[in-house]
Amino acid sequence: MKIPAAAVVALLLAGSAPASAAGDEPPPVVVRTTPEAPDAAANRDVSVAPTPETAVEPFAAPLTRFDPLAGLPDPDKVDYAYGAFQRGAYLTAFARAIKRAEAGEATAQTLVGYLYANGLGVARDPKEAAVWYGLAAGHGDGSAMVELANLHALGLGVPRDLAKARALLEKADAMGVGGAAYALGLVHLDPDGGEADPAEAAALFAKAAALGDVDAQYALANLYAAGRGVAQSDVEAARHMGEAARGGHVGAQIEYGIMVFNGKGVAADEATAAAWFRLAARAGNPIAQNRLARLYAAGRGVPQDLKQAAKWHFRARLAGLDDPWLDGEVAKLAPADRDAAAAVAADAKAE
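Residue numbers (mature numbering (1 follows the signal peptide of the UniProt record, and there is no 0)): -21 to -1, 1 to 330.
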């Protein structure tokens, strides 16, 4: 089980700044700025002039990306807790897993912790989750170590303690647990965990990226763009951002689209940039929806189409992302066309 793009530790390279526009038609995209200190896990805003800087958190999902039952024997996977969990029968999964967890089975303890951490089948209880993760980690379960590190990093159910988080992640990484290297890299970027070490973070992100971790690709791209821990390189930033984008990381799809639009580290291609924005927009990201709307309004990378611009603008606005410039462009449509676009935007199933 891989929960989409939720960071194991809630730290993220973040930061952006809007740019000023010249003339009546603002440039649809603006080159991103250097990252700031790590912050809460979320997609970083990439501003488009003259839209105000807007933060968005599209990945407010369960906290981890790991399969807590990866080590269960096959019969259990097929017949009991795992099968129930996969079907979304969380009450049954809990009932099956708790018996084995109380008997000392580490993978079952991890599952029980996961259910408590995310409120699946039981009331959400980070303290109880920490207890079960701690038991499983004590039995050598690497995934539980990462989960417990996450709670320590966030201060959920346990006091915030990045030193403990780092120790758990170092042990899990030494065991080869998926995601541990990426999470450990994030801890190395957090000054609250001691002296920040961007070079070590970059090495850990590179290690995780080589194993296909798209979050690590995204983080490494940001380090290359900023020249933190590695020599600044727009080409390397674009390469890693592209890998993350192709791997399904929605934030990377937006940023890579901006890189492609501006020709920064990669050949400029407005049509390809529009395609990346469309992909992220269809995934429900309001920033991408706003950028795509602007391209349609300006006729950049796509044929100018105010009806399409209105549809994507209204979808972004429904998610809370306002854009006065697009309001003005959409106002040029006939009222019936605006109403039709608003109706399509409100229908989540409509293309």
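Yeah, the Cβ is synthetic: ideal placement off N, Cα and C, and Gly gets one too.
Cβ-Cβ distance between residue i and residue j below 8 Å
i	j	result
residue 223	residue 244	no
residue 231	residue 268	no
residue 128	residue 148	yes
residue 182	residue 202	no
residue 259	residue 281	no
residue 100	residue 69	yes
residue 199	residue 219	yes
residue 141	residue 125	no
residue 132	residue 144	yes
residue 158	residue 192	yes
residue 195	residue 235	no
residue 87	residue 79	yes
residue 151	residue 173	no
residue 76	residue 60	yes
residue 237	residue 266	no
residue 206	residue 184	no
residue 290	residue 262	no
residue 115	residue 89	yes
For residue i, the first and last residue of its enclosing alpha helix (DSSP H)
i	result
residue 170	Careful: residue 170 lies outside any alpha helix (DSSP H) and carries neither H nor E.
residue 282	Neither: residue 282 is in no alpha helix (DSSP H) and is coded neither H nor E.
residue 232	229 to 241
residue 137	Here residue 137 belongs to no alpha helix (DSSP H), and DSSP marks it neither H nor E.
residue 318	314 to 325
residue 120	Unbroken run through residue 120: none, as it is neither H nor E.
residue 194	193 to 205
residue 85	85 to 97
residue 62	60 to 65
residue 79	69 to 81
Contact belief for residue i with residue j at Cβ below 8 Å, rounded distance in angstroms
i	j	result
residue 113	residue 85	The pair is not a contact, with the Cβ atoms about 11 Å apart (cut-off 8 Å).
residue 108	residue 92	5 Å
residue 312	residue 286	7 Å
residue 178	residue 169	No, residue 178 and residue 169 are not in contact; Cβ-Cβ is about 15 Å, not under 8 Å.
residue 288	residue 298	About 16 Å separates the two Cβ atoms, so there is no contact after all.
residue 106	residue 155	In fact, because the Cβ distance is near 29 Å, the residues do not count as touching under 8 Å.
residue 252	residue 240	4 Å
residue 293	residue 324	4 Å
Environment of residue i [buried if 16+ CB atoms lie within 10 Å]
i	result
residue 211	exposed
residue 302	buried
residue 328	exposed
residue 38	Low local confidence applies: a pLDDT of 27 at residue 38 is under 50, so the model's placement there is unreliable, with the coordinate-based value given in what follows. Buried, because 16 or more other Cβ atoms sit within 10 Å of the Cβ of residue 38.
residue 309	buried
residue 318	exposed
residue 273	buried
residue 270	buried
residue 284	exposed
residue 249	buried
residue 187	buried
residue 307	exposed
residue 214	exposed
residue 138	exposed
residue 208	buried
residue 246	exposed
residue 66	exposed
residue 411	Outside the shown range of the chain (-21 to 330) lies residue 411, about which nothing can therefore be said.
residue 326	exposed
Local conformation of residue i per DSSP, three classes
i	result
residue 212	coil
residue 156	coil
residue 301	coil
residue 176	coil
residue 162	helix
residue 113	helix
residue 261	helix
residue 247	coil
residue 11	Low local confidence applies: a pLDDT of 32 at residue 11 is under 50, so the model's placement there is unreliable, with the coordinate-based value given in what follows. Reduced to three states, the DSSP call for residue 11 is coil.
residue 307	helix
residue 102	coil
residue 224	helix
residue 150	helix
residue 330	coil
residue 190	coil
Chain D within 8 Å of residue i, Cβ atoms only
i	result
residue 239	Considering every chain present, this structure includes no chain D. It has just one protein chain.
Any non-hydrogen atom of the ligand ADP closer than 7 Å to residue i Cβ
i	result
residue 206	The ligand content of the structure shown is nil, which means the ligand ADP is not present either.
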